[in-house]
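Here the structure comes first, spelled out in structure tokens, and everything after it is commentary.
In our numbering, the protein residues as written are 465 to 558.
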């Protein structure tokens with residue numbers, strides 16, 4: 465007996481989801497864990513997602529990974545947005 469020749473898709477397990485406001489704009493954030501990687505995802509009302517893997521100094525910003533651009537998350541806007549998302553998820557100031 466042979467198994468079907470379909471590609472394996474690894475779906476991350478979303479651990480937590482929260483909504484928050486930053487600078488009068490609504491965001492949704494989630495903490496996703498897929499095996500050894502933990503990723504924070506922050507989505508705005510336009511559908512753009514900022515995805516940051518734990519321990520990285522850059523993130524991906526865009527509507528999908530193929531068209532996303534790399535951003536420096538130490539820039540003040542991103543830094544404060546990430547802190548607000550962490551607070552909304554109950555992570556404090558991590």
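Positions of the beta carbon are idealized from the N, C-alpha and C atoms, including for glycine.
Could you pull the start and end residues of the alpha helix (DSSP H) that residue 546 belongs to? Walking along the chain shown from the start, residue 546 turns up at place 82. Start and end: 540-552.
Can you tell me which of the three DSSP states residue 440 falls into? What is shown of the chain runs 465 to 558, which leaves residue 440 out entirely.
Beta-carbon gap between residue 534 and residue 545 smaller than 8 Å: Here residue 534 refers to the residue found at position 70 of the chain shown. Here residue 545 refers to the residue found at position 81 of the chain shown. No, the pair does not count as a contact, with Cβ atoms beyond the cut-off.
Within a Cβ cutoff of 6 Å, which residues of the same chain sit near residue 483, ignoring the five residues on either side of it in sequence? Taking the first residue of the chain shown as 1, we reach residue 483 at position 19. These residues qualify, in order along the chain: 492.
DSSP-derived helix/strand/coil call for residue 537: As a working mapping, residue 537 is identified with position 73 in the chain shown. Residue 537 falls in the coil class under three-state DSSP.
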